[in-house]
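Numbering (our numbering), first residue to last: 7 to 724.
Cβ coordinates follow ideal geometry from the N, Cα and C atoms, glycine included.
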Amino acid sequence: MRLKLEPQLYPNKHENAANLRDNATSAYDTKEISEFDSTIKNAVVRDFVADDESSQLEEELRQLIDTQAQQDVALEKLVMSQDCELITLMTKVKGRIEVNQSVFTFVDLSPPTEDGSKYDFRFSTNKIREVHLRKYNLRRSALEIFLVDQTSYFLNFTTKTRNKVFTKIVGLPLPNILYGSGRSPAELLRASGLTQRWINREISNFEYLMYLNTIAGRSYNDLSQYPVFPWILADYTSDVLDLTDPKSFRDLSKPIGCINPKNEAEVRGKYDSFEDPSGAIPKFHYGTHYSNSAGVLHYLLRVEPFTSLHIELQSGRFDVADRQFHSIPQTWKLLMDNPNDVKELIPEFFYFPEFLKNMNKFDLGHLQITKEKVDDVILPAWATTPEEFIAIHRRALESEYVSQHLHHWIDLIFGYKQKGPKAAEALNVFYYCSYEGAVDLDKITNPVEREAVEGMINNFGQVPSQLLREPHPRRLTQDETALKLVRAELRRPDLTQFLDKVVQYYCELSTPKDPIVYLSPPRSPPRSFLQLSPDVLVSISKSTILGSNSWLSFDKDQGFLLEIDATTANLKNRKRIFGPFHSSQQPHSQLFAVSTDGKLLYAGGHIAFSALDDTSHSVHVYSINGCSLGSKYVSGRVTGLASASDYLVVADDAGDITMSRLHGLKPVFDIPLHVPIQTVVVTPGNTHILAPLRDGRLAVIAVQLPSGGSKKHSVLNV
Numbered sequence: 007m008r009l010k011l012e013p014q015l016y017p018n019k020h021e022n023a024a025n026l027r028d029n030a031t032s033a034y035d036t037k038e039i040s041e042f043d044s045t046i047k048n049a050v051v052r053d054f055v056a057d058d059e060s061s062q063l064e065e066e067l068r069q070l071i072d073t074q075a076q077q078d079v080a081l082e083k084l085v086m087s088q089d090c091e092l093i094t095l096m097t098k099v100k101g102r103i104e105v106n107q108s109v110f111t112f113v114d115l116s117p118p119t120e121d122g123s124k125y126d127f128r129f130s131t132n133k134i135r136e137v138h139l140r141k142y143n144l145r146r147s148a149l150e151i152f153l154v155d156q157t158s159y160f161l162n163f164t165t166k167t168r169n170k171v172f173t174k175i176v177g178l179p180l181p182n183i184l185y186g187s188g189r190s191p192a193e194l195l196r197a198s199g200l201t202q203r204w205i206n207r208e209i210s211n212f213e214y215l216m217y218l219n220t221i222a223g224r225s226y227n228d229l230s231q232y233p234v235f236p237w238i239l240a241d242y243t244s245d246v247l248d249l250t251d252p253k254s255f256r257d258l259s260k261p262i263g264c265i266n267p268k269n270e271a272e273v274r275g276k277y278d279s280f281e282d283p284s285g286a287i288p289k290f291h292y293g294t295h296y297s298n299s300a301g302v303l304h305y306l307l308r309v310e311p312f313t314s315l316h317i318e319l320q321s322g323r324f325d326v327a328d329r330q331f332h333s334i335p336q337t338w339k340l341l342m343d344n345p346n347d348v349k350e351l352i353p354e355f356f357y358f359p360e361f362l363k364n365m366n367k368f369d370l371g372h373l374q375i376t377k378e379k380v381d382d383v384i385l386p387a388w389a390t391t392p393e394e395f396i397a398i399h400r401r402a403l404e405s406e407y408v409s410q411h412l413h414h415w416i417d418l419i420f421g422y423k424q425k426g427p428k429a430a431e432a433l434n435v436f437y438y439c440s441y442e443g444a445v446d447l448d449k450i451t452n453p454v455e456r457e458a459v460e461g462m463i464n465n466f467g468q469v470p471s472q473l474l475r476e477p478h479p480r481r482l483t484q485d486e487t488a489l490k491l492v493r494a495e496l497r498r499p500d501l502t503q504f505l506d507k508v509v510q511y512y513c514e515l516s517t518p519k520d521p522i523v524y525l526s527p528p529r530s531p532p533r534s535f536l537q538l539s540p541d542v543l544v545s546i547s548k549s550t551i552l553g554s555n556s557w558l559s560f561d562k563d564q565g566f567l568l569e570i571d572a573t574t575a576n577l578k579n580r581k582r583i584f585g586p587f588h589s590s591q592q593p594h595s596q597l598f599a600v601s602t603d604g605k606l607l608y609a610g611g612h613i614a615f616s617a618l619d620d621t622s623h624s625v626h627v628y629s630i631n632g633c634s635l636g637s638k639y640v641s642g643r644v645t646g647l648a649s650a651s652d653y654l655v656v657a658d659d660a661g662d663i664t665m666s667r668l669h670g671l672k673p674v675f676d677i678p679l680h681v682p683i684q685t686v687v688v689t690p691g692n693t694h695i696l697a698p699l700r701d702g703r704l705a706v707i708a709v710q711l712p713s714g715g716s717k718k719h720s721v722l723n724v
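Here is the structure:
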């Protein structure tokens with residue numbers, strides 16, 4: 007989860023850093039590793055193999071939970087107190103966490119600063135949404151905690167205490183936790199089902215890359231493990247970018263350092279000719295890394311706190327203007343000309359136009375040859391504003407070419423070409439200290455030497471956790487996806503053949519006096535911790551009590567987990583759908599629908615809030631927590647609701663079918679049938695609307711929901 011930005015009313019212009027740049031040579035210069043410190047060599051692990059955090063850890067954690075954590079949370083007392091480090095973009099803060107059943111506290115134990123600021127924080131454990139095992143400086147010693155409000159904290163421990171802390175935390179009664187498991191990243195990706203969802207085009211390329219980064223341990227809290235995205239385009243000079251032309255795109259099957267054929271021989275020759283006399287340093291193609299602290303700060307120079315971090319990295323001054331990120335076309339050209347510069351992109355290139363603007367008016371200097379002042383980033387010819395660049399760049403990321411080739415880049419960064427013989431064949435081997443397990447910091451006993459090695463690892467960059475050991479599958483084309491949906495419809499299993507296998511379960515959702523009248527189906531595929539929202543079974547009783555019941559489906563051999571919403575039985579905290587129903591209607595299943603993302607509830611059959619009588623009708627929108635978000639007038643009494651893709655379909659007894667966008671209920675089109683409609687359903691695949699009419703006929707309406715709600719439709723009465 008990215009940092010939350012806020013406007014600076016009185017920004018620090020860093021004039022002193024600009025003056026130091028203009029009057030002295032920068033103390034920092036990015037260059038390849040050519041000399042290897044003897045201290046590091048002593049810590050090299052020869053023939054290292056970094057194992058995944060395996061199922062053995064999962065079982066170990068599970069046993070610890072059973073024997074320790076559950077006993078601790080039985081009483082309101084201090085469950086745990088442990089020294090640690092809070093890792094932020096700006097600094098590493100020594101402190102201590104104190105955890106009891108309801109509150110998580112971090113106490114800043116670092117020396118006081120000049121302004122007296124401290125990094126203390128505390129939050130309710132009820133806010134914990136996810137707890138992830140993380141690496142820090144190539145050691146399995148950290149945790150990252152995500153809260154329901156999108157806040158996250160990155161905490162570093164010793165390798166011996168990290169797992170115990172993790173167990174204590176996930177052993178607490180955490181009502182909002184979606185993920186807290188000791189699975190390895192590779193196991194987590196397999197269990198999430200995300201790869202298949204991406205293949206089937208159920209999630210976007212951007213979403214999938216963000217998920218992969220999160221699972222592989224990339225974090226917005228650690229510059230050396232910042233999320234990494236690919237350069238996807240090769241055309242930054244045309245006035246109009248042609249996204250149908252393969253020549254517009256970068257070759258995603260090759261590392262950025264050898265996309266230019268002229269560089270390939272040099273990269274290969276460097277690897278073949280390298281030999282370390284001590285035998286401690288393995289061969290490598292690149293002495294720099296595609297994602298490191300300096301690279302992130304290079305791109306985000308114009309946005310605080312990255313500006314201050316850049317100045318700190320440059321010993322208190324701005325770097326010289328010619329080395330700044332001042333032009334996207336020029337940056338691409340330099341990458342193609344220099345095989346030693348292998349920077350990939352960061353996610354901000356696809357959603358954050360502000361990083362391309364010098365809104366704080368920093369003095370970034372002048373280019374030496376042209377004397378041009380460095381200000382806003384120079385954009386490609388096909389974009390006139392940062393906002394337009396982001397929009398086109400995001401569209402390019404989701405283009406058919408990238409969709410059909412992105413799996414090759416995933417193989418290089420997260421997959422089977424990340425390390426080993428396949429990486430060597432793909433010209434994708436980096437300096438050894440960027441790989442987990444290559445350096446054993448515990449062998450370095452001298453604190454000064456250890457700090458120096460940690461700094462080197464932190465600044466150089468780290469390879470993500472390996473998620474796949476076999477080639478990543480290709481994404482389906484749009485035509486293949488449509489054909490698969492058709493075939494799935496034709497091959498639906500006949501459940502009557504398995505009646506002898508049926509197992510029945512019962513649980514109490516409501517009372518006999520107030521039965522359930524609506525229950526939303528669980529989404530498919532099952533919920534994972536990485537979905538945008540929890541998978542819920544929304545229940546509504548006859549008296550309009552709203553329940554948000556958690557549903558988690560496991561593998562077929564392990565059944566399911568259903569957690570009933572406890573508020574439905576609590577008179578004080580229960581949620582209810584407000585607003586009177588029409589006098590001629592009682593709540594029933596056809597009057598409710600849940601959005602496809604599981605976040606919004608739609609209820610029909612209401613009287614409009616502003617109506618003085620019951621002749622005005624409306625559809626109301628609620629959050630899953632029962633908060634009213636608005637309403638929409640309809641021409642007649644609502645008889646049916648259905649959600650499909652990004653749309654809501656409403657039928658009424660005046661004979662109208664209205665299709666609106668789910669968010670905002672902006673109408674797309676209205677279909678008058680002139681006969682009262684009994685209800686409405688949408689077929690799987692969102693291709694047709696079916697509406698049984700009061701006169702016994704069935705209206706079949708062909709639409710194109712996934713492509714934006716086409717107005718071209720036909721009505722067939724049968």
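| Through-space distance from G322 to E21, alpha-carbon basis | 11 Å
| request: Would you list the one or two residues that DSSP bridges to M86? | output: V105
| task | For the alpha helix (DSSP H) holding L525, just list the boundary residues, first then last. | result | Run containing L525: none in the alpha helix (DSSP H); it sits in the beta strand (DSSP E), I522 to L525.
| query | Using DSSP with H/G/I as helix, E/B as strand and the rest coil, what is W388? | reply | coil
| With which residues is Y422 paired in a DSSP beta bridge? | None; Y422 has no bridge partner.
| query | With C-beta atoms as the reference, is L247 less than 8 Å away from I398? | reply | yes
| message | Using only the alpha-carbon positions, how far apart do I663 and A648 sit? | response | 11 Å
| said: Measuring alpha carbon to alpha carbon, tell me which residue in L671, G661, G670 and P690 is nearest I677. | reply: G661
| request: Could you tell me if I375 is buried or exposed, where buried requires 16 or more neighbouring beta carbons within 10 angstroms of its beta carbon? | output: exposed
| field | Residue span of the beta strand (DSSP E) that contains I134, given as start and end | value | I134 to Y142
| task | Rank F331, S299, I352 and S244 by C-alpha distance to the C-alpha of V234 and give the top, closest one. | result | I352
| query | Are there 16 or more other CB atoms within 10 angstroms of the CB of R102, so buried, or fewer, so exposed? | reply | exposed
| Would the region 377–390 and the region 252–267 be scored as touching if the rule is three or more Cβ pairs under 8 Å? | no
| field | Runs of alpha helix (DSSP H) wholly within the region 422–481 (minimum 4 residues, chain order) | value | 427–431 and 453–466
| task | Report all residues from its chain with a CB closer than 7 Å to the CB of K289; omit the five preceding and five following residues, and keep chain order. | result | Y277, F280 and V435
| What residue range is occupied by the uninterrupted beta strand (DSSP E) comprising R145? | R145 to L153
| field | Given I683 as reference, the closest of A650, R643 and T693 once Cα atoms are compared | value | R643
| message | For a test of the three-state rule: what should DSSP assign to V408, helix, strand or coil? | response | helix
| request: Please name the residue, chosen from R700, K423 and P673, that lies closest to V681 on a Cα-to-Cα basis. | output: R700
| Distance, N162 Cα to V113 Cα | 14 Å
| query | Can you list, in chain order, the residues of its chain whose CB lies under 7 Å from that of L153, leaving out five sequence neighbours each side? | reply | F129, K133, I134 and R135
| Touch check for the region 516–530 and the region 467–477: three-plus C-beta pairs under 8 Å? | no
| request: Please confirm whether T131 and F110 have their CB atoms less than 8 Å apart. | output: yes
| message | Mapping the DSSP letters down to three states, classify H291 as helix, strand or coil. | response | coil
| task | Might you give, ordered along the chain, the residues of its own chain that have their beta carbon closer than 7 Å to the beta carbon of Q468, omitting 5 neighbours on each side? | result | L144, S230, Q231 and S440
| First and last residue of the alpha helix (DSSP H) that includes P191? | P191 to S198
| task | Locate the beta strand (DSSP E) running through R667, then write down its first and last residues. | result | D662 to R667
| Alpha carbon to alpha carbon, what distance is there between Y242 and P261? | 19 Å
| request: State buried or exposed for Y214, treating a residue as buried only when at least 16 other CB atoms are found within 10 Å of its CB. | output: buried
| message | By the three-class DSSP mapping on this structure, what secondary structure does H20 have? | response | coil
| task | Please determine, among F312, I334, P335 and G223, the residue with the shortest C-alpha to C-alpha distance to F324. | result | F312
| query | On the three-pair Cβ rule with 8 Å, is the region 299–306 touching the region 219–226? | reply | no
| message | Within the continuous alpha helix (DSSP H) that includes Y511, where are the two ends? | response | From DSSP, Y511 is part of no alpha helix (DSSP H); its letter is neither H nor E.
| field | Three CB pairs or more closer than 8 Å across the region 404–411 and the region 353–369 | value | no
| said: Can you look up W557 in the DSSP assignment and give me helix, strand or coil? | reply: strand
| said: Considering only DSSP beta bridges, list what L654 is partnered with. | reply: S649 and S666
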